[in-house]
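Participant: Please see the structure below; I have some questions.
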Amino acid sequence: MSRHFRSRKALVIAVASTLALTFAGCSREGGGDGATGAAASPGITDTTVRLGISTPLSGSTAGPGTCTVAGVKAYFGAKNAAGGVAFGDGKTRTVEIEALDDGYDPQRAKANYDSLKDDVFAMTAGLGTPTNRAWREAAIADEVPQVLVMTGDPLFSDTQESPWQLGFVPIYQNEGEAFGKLLVASGAPHKVAILSQNDDYGAGYVEGFKSAVEGAANIEIVDELTYEATDTSVDAQITQLSASGADVIFNAMSLVPLVVSALQKAQQLNWLPSWFLPSNTSSPGAVVEPGGGAAFPGIYSVSFAKAPASPAFAGDEDVQTYLAALKEHGDYPDAPAFPHCQWSWMVGATLEQAFTTMTEPTRDDFMRALRSIENFEAPLMLPGTAVTTTESGQPAVPTVVVQKYNGKGYDTVESLG
Amino acid sequence: MATFIQLIVDGLSTGSVYAAIALALVLVHQATGLINFAQGGMAVLAAYSAWWLLSRGVPLVLAISASVLLSFAFGAVVERWLMRRFERGDPDTAVVVTIGLLTLITGVCGWLFTYNNQQFPSLFSLDAVTFLGVSVSQRSIGTTVVIVVVMLLLQALFAGTKLGLALRAVAINPQSAAFSGLPVERLLMVGWGLAAALGAIAGALVAPQLTLTPGMLDNALVYALAAVILGGLSSPIGVVVAAWMIGVLENLAAVYVPLIGYDLKVAVPFILIFVVLVVRPQGLFGRKTVVRV
Amino acid sequence: MAGARMTTAALSDRQRSWLRRAGPLLLVVVLVVVPLVFPESVNETIARIGVFAVAVLGLNVVMGYAGQVSLGQIFFLGLGAYVTAYGVSNDWNIVVVFVLACLIPAFVGLLVALAAARLGGLAIAMVTVALPIVGVPLAKRLSEFTGGSQGLSARFGDAPEWSGLYDDQWRLYLVLAIGGAVFLLTRNLVRGKYGRVLGIVKKNENVASSVGISPYRYKVLAFTLASLIGGVSGFLYMLVIQYTSPETMSFGHSIQLLAAMVIGGAASIVGSVLGGAYYVLVPQLTNLVDPSLTALLQGAVLLVVLFVLPGGLASLARPLGRGRRSRARHDPAPLITPSATTKSGSAADTPETERQGHP
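Residue numbers (the working numbering), protein chains in the order written: chain A, 1 to 417; chain B, 418 to 710; chain C, 711 to 1069.
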């Protein structure tokens, strides 16, 4: 009896306090609503602007993840040391970077976003498809820029679907397509074996490649296999593909150790096809050389960035500046092992380009400025590539050039052979 | 046909990688009654220490030997200063402590040596030996031979030496072992030390193939666990045979069973486990444990 | 005010009983007030804690209370999240979605348990490892339903107009209400007859059989229940995170969930909440210290906490209560070994599971 009474009492108190506090709650300021009009957005003052990054800094993708922070940190570190960045509104601001580790866990990426969104002006440079997708819709709802992220997922470059997003690196399809076109243009008959990662990364490359070779009389795809990113070996796949009699392998793999062992395995089987590698796993020093790439008739890749390890660019002024800044401001004392370091440096340059044409310190105006860059040749970019953000459906870097391994680095090629 | 045989040979060499870690898991389980999730992490740390010595100009064999000795000491220290506190308590807690240790070691490796991929030279040449149209690298052969030798040594240790019997006695019943005059604490330290030293050998064997990174053995650990359960926790031979079986069968299933394919081949060891344990709950080669009420 | 006078009267009559009830009452009030007073980011963090507290609770049912090692709890969270995402993106009624997000994982869990529980502790552990390991590629293969590796986004649970609440406040209320209900039901369950039987099964299956309890049936039941609770946490995951992909159910997260359970305190309701808090807060805290050293710091925190409190964080609260049971389990039995231990436990001293405060 009294028990029954007291539980009703609890209810009354609960309801009363709810009502009382609802009013208090409703008066809460701001929340996640983006500021409108010319009032400054969060994360920007007259002297500073703050950028947020959520990227894997631990776990199996920490290697490239660390690079995505190091490059942009180095870029703005050097700028800040020289006084800051001159914005289009006439003010000079220093750029602060706040990077958080998400361990490639979408849930943690969302948590990082939640904790950063009120403090930073824009989110940028983070690596990973699922980790960026996890908070894409929230960023749209909150009107927080999620720009120049490191994923080739086309969704981020679709202006209709993703008004507050923009991808940086070429979409996977573009890279696959570029190699496919080269192959078709060679005119000679080729049998192609495909080995791709079983996810949107691998599928995107294969889709692009197939669209380029579709209907071409000289190209025949003889076998197509996949592997999982958690596999410890792709020996069986290489064995199976070697039996297909292919003279070209289209190898869309994103894991450096597996690419190295795939190259080695093919040599053991005495199968020596021409080899295509994606832009993120074709580093001369970290992949092709340990894999013994010189044994193959040709190792092809696509790229838009100068490889610092390549002798051709050893004396390049861009490369010199970049390597020095990476050491001094990027917390990255070693030679960059992943191209993501270079890409992230270009992200810095592209952001600066947008900052210089921003006339109001708002996220809206930043997006406008960012989306109106045309043919900007960012430092470290290869001739023939540029940053162009005006094309819907395309990321900031829409073009790549096909390159061939020359024993030390890569040369841009116009044709196979 | 040549492809079929080549796939079996490929499976055996992949299986050897799993077997290397699995043997260390068996050793620590035999000696302490625990599944040590940090086993792979400790092997990676050992491989990094060898790699560091190499980069300081120490010859490869010496560097690996030093890493084996260091690992023995490290294993003993971990037992004495960390695990001992949990050995008498809830076994789940002890296992979670090894998970924490794995996280910590991975973090330390990433901090000291970065998350970049490091090339680790092999004791054996990468050149292939071709026989009847099947080629296999000398590295794979060498790895397999070393693992077989280690397996035989372990089998002999547990079956025929005083130390092995004492280690097992301590694991099975520490109290009775203590009553019968065995130095339980020292034996536990030795057990951990031996397992860590074995892990160091395993790390040096597989690092050239997997490329040295802090998480190098994370994916192999699952396979090693499966091999340990499949082979029977108490049998080094059983575990190596199980690891080879897993390596071979998952390749064959991927290629010849379209329903499985390369994406679901990871299910193969678990299907195997299920089938085997229904028939033999103690695993392929394990001893039956007697249960008292 | 009349109510207040009555309460005072009751208090003088039965002070102890009042004290016992004051806790839950206070808890309810705090839970009602919390979403209203904190800023958005704090609310979101609390909601995430709620999600993983429920997941850890499910794990506790099968592992903490029933003693069956499960390394696959994250699979059921992932399954529940996928069911939710699929239902929401197809505009199903949200109540139907919720029911399915509970029932489908429970059904899958039942099927798995029917097979695995027959084999004993060893195989249960291995079969549960298989769930996330096989679940990830399986989710990719079923891309028609799961969106493949790119995953599924589904935004739902926005605050209705009449409530006058912000979205994050409304969502937190939903998490607190659903999570709270699950906790309450589970608490009542494990403290009742059912919980005592589970305790006997955990201690010694042979003893259980000898007193007429079927360990098999209860293991299956515990596993099914854990899967169902996992499904609920998956529903909450979608509500709070609004996105799921195969990455959600990776094996590494399952291991972290296990660690969170032990850190919080095995076989403890409060421990489940603390475990959820640990799972969510430690990565965030380590990010504050140094984002490039998160793995190192997380490992160190885990080791330090367990070194100081081998019984988990819940053991901090335990000495305050009556039932000191942290020393209840002394067996040096290995984790993955056929679960029967040689200790001749008697039914009487078994499940002193958090009975403080219960009449």
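The beta-carbon is built from N, C-alpha and C at its ideal position, and this holds for glycine as well.
Run through the DSSP bridge pairs and tell me what H329 of chain A is partnered with.
Facilitator: H329 of chain A is not bridged to any residue.
Participant: For the beta strand (DSSP E) that contains F748 of chain C, what are its first and last residues?
Facilitator: Taken as a continuous stretch (DSSP letters only), F748 of chain C belongs to no beta strand (DSSP E), as it is neither H nor E.
Participant: Establish whether the CB of T561 of chain B and some CB of chain A are separated by less than 7 Å.
Facilitator: Not an interface residue.
Participant: Skipping 5 residues on each side, what residues in its chain have a beta carbon closer than 6 Å to that of E207 of chain A?
Facilitator: The answer, listed in chain order, is Q173.
Participant: One question on the structure: do T281 of chain A and V260 of chain A come within less than 7 Å of each other, judged by their Cβ atoms?
Facilitator: For T281 of chain A and V260 of chain A, no; Cβs fall outside 7 Å.
Participant: Any beta carbon of chain A sitting closer than 7 Å to that of V672 of chain B?
Facilitator: Chain A, which has a Cβ nearer than 7 Å to the Cβ of V672 of chain B, makes this yes.
Participant: Spatial neighbours of V601 of chain B within its chain, please: CB distance less than 8 Å, with the 5 preceding and 5 following residues excluded, ordered by chain position.
Facilitator: Excluding sequence neighbours, V601 of chain B sits near V587, P591, A594, A595.
Participant: Grab the span of the alpha helix (DSSP H) containing I939 of chain C for me, first residue to last.
Facilitator: Start and end: 925–951.
Participant: Comparing the C-beta of V972 of chain C with each C-beta of chain B, is any distance below 7 Å?
Facilitator: With 7 Å as the cut-off, V972 of chain C counts as an interface residue toward chain B.
Participant: I need the straight-line Cα distance from A139 of chain A to Q1008 of chain C, nearest angstrom please.
Facilitator: The alpha-carbon atoms of A139 of chain A and Q1008 of chain C are separated by roughly 28 Å.
Participant: In its own chain, which residues sit with a C-beta less than 7 Å from the C-beta of Y435 of chain B, not counting the 5 before and 5 after it?
Facilitator: Answer for Y435 of chain B: A637, Y640, A641, A644, A660, I663, G664, listed in chain order.
Participant: Within 7 Å (strictly less), CB to CB, does L462 of chain B reach chain A?
Facilitator: Chain A, which has no Cβ nearer than 7 Å to the Cβ of L462 of chain B, makes this no.
Participant: With a cut-off of 8 Å, do at least 3 Cβ pairs link the segment 960–974 of chain C to the segment 769–785 of chain C?
Facilitator: These segments touch.
Participant: Give me the residue from C:L736, C:T755, C:Q879 with the minimum Cα distance to L746 of chain C.
Facilitator: The shortest C-alpha separation from L746 of chain C is found at C:Q879.
Participant: Can you find the residues in the same chain that come closer than 7 Å, C-beta to C-beta, to Q423 of chain B, ignoring five residues on each side of it along the sequence?
Facilitator: Cβ within range, chain order: V551.
Participant: Tell whether a beta-carbon distance below 7 Å holds between A236 of chain A and D427 of chain B.
Facilitator: The answer is yes: Cβ separation under 7 Å.
Participant: For A122 of chain A, which three-state DSSP category applies?
Facilitator: Here A122 of chain A sits in strand by DSSP.
Participant: So is Q783 of chain C in contact with chain A if we call contact Cβ pairs under 7 Å?
Facilitator: False, the Cβ-Cβ gap to chain A never drops below 7 Å.
Participant: Going along the chain, which residues of its own chain have a beta-carbon closer than 8 Å to the beta-carbon of L563 of chain B, five neighbours each way excluded?
Facilitator: Note that residue 563 of chain B is Val in the sequence shown, not Leu. Hits under 8 Å: I618, L622.
Participant: Which class does W275 of chain A belong to by DSSP, given the choice of helix, strand or coil?
Facilitator: Of the three classes helix, strand and coil, the one that applies to W275 of chain A here is strand, per DSSP.
Participant: Determine the chain C residues that contact Y205 of chain A at a beta-carbon separation under 9 Å, and present them in chain order.
Facilitator: Here the premise fails: no neighbours, minimum Cβ distance about 13 Å.
Participant: Output the residue ranges of the beta strand (DSSP E) runs that lie fully inside the segment 292–352 of chain A and measure 3 residues or longer, sorted by chain position.
Facilitator: Counting only runs of 3 or more, we get 299–303.
Participant: Please work out which residues of its chain come closer than 6 Å, Cβ to Cβ, to G608 of chain B, disregarding the five sequence neighbours upstream and downstream, and give them in chain order.
Facilitator: Here the set comprises A448, T449, L584.
Participant: Step through the CB atoms of chain C and report whether any lies within less than 7 Å of the CB of E419 of chain A.
Facilitator: No answer is possible for residue 419 of chain A: it lies beyond the span of chain A, which begins at 1 and ends at 417.
Participant: From E414 of chain A to G944 of chain C, what distance separates their C-alpha atoms?
Facilitator: Those two C-alpha atoms are separated by around 51 Å.
Participant: Of the choices A:A216, A:L127, A:T151, A:I238, whose alpha-carbon is the least far from that of L57 of chain A?
Facilitator: Among A:A216, A:L127, A:T151, A:I238, the Cα nearest to that of L57 of chain A is on A:L127.
Participant: Against chain B, does T281 of chain A count as a neighbour if the rule is that its beta carbon must be under 7 Å from one of theirs?
Facilitator: Taking Cβ atoms only, chain B never reaches closer than 7 Å to T281 of chain A, which makes this a no.
Participant: My guess is that V401 of chain A and L382 of chain A are in contact by the Cβ rule of under 8 Å, so how many angstroms apart are they, rounded?
Facilitator: Sure, about 6 Å apart at Cβ, within 8 Å.
Participant: Near T1011 of chain C, which residues of its chain fall below 7 Å by C-beta distance, leaving aside the five closest residues on each side in sequence?
Facilitator: Sequence check: residue 1011 of chain C is Val here, not Thr. The residues are V992.
Participant: Between Q268 of chain A and chain C, is the shortest Cβ-Cβ distance under 7 Å, so that the two count as touching?
Facilitator: False, the Cβ-Cβ gap to chain C never drops below 7 Å.
Participant: When the distance is taken between beta carbons, is Y947 of chain C closer than 7 Å to A849 of chain C?
Facilitator: Contact: no.
Participant: Please go through the segment 448–488 of chain B and give each complete alpha helix (DSSP H) segment of 4 or more residues, from N-terminal end onward.
Facilitator: The segment 448–488 of chain B contains these whole alpha helix (DSSP H) runs: 456–472.
Participant: Can you pull the chain B neighbours of D334 of chain A, defined as C-beta to C-beta under 8 Å?
Facilitator: Those are T531, N533, listed as they occur along chain B.
Participant: Consider the Cβ of D507 of chain B: report whether some Cβ of chain A lies at a distance smaller than 7 Å.
Facilitator: No, D507 of chain B does not count as interfacial toward chain A.
Participant: For K850 of chain C, go through chain A and note every residue whose CB falls closer than 7 Å to its CB, in chain order.
Facilitator: The answer, in chain order, is N198, D199.
Participant: Considering only C-alpha positions, which residue in the set B:F530, B:L666, B:L440, B:A439 is nearest to Y332 of chain A?
Facilitator: Ranking the options by Cα distance to Y332 of chain A, first place goes to B:F530.
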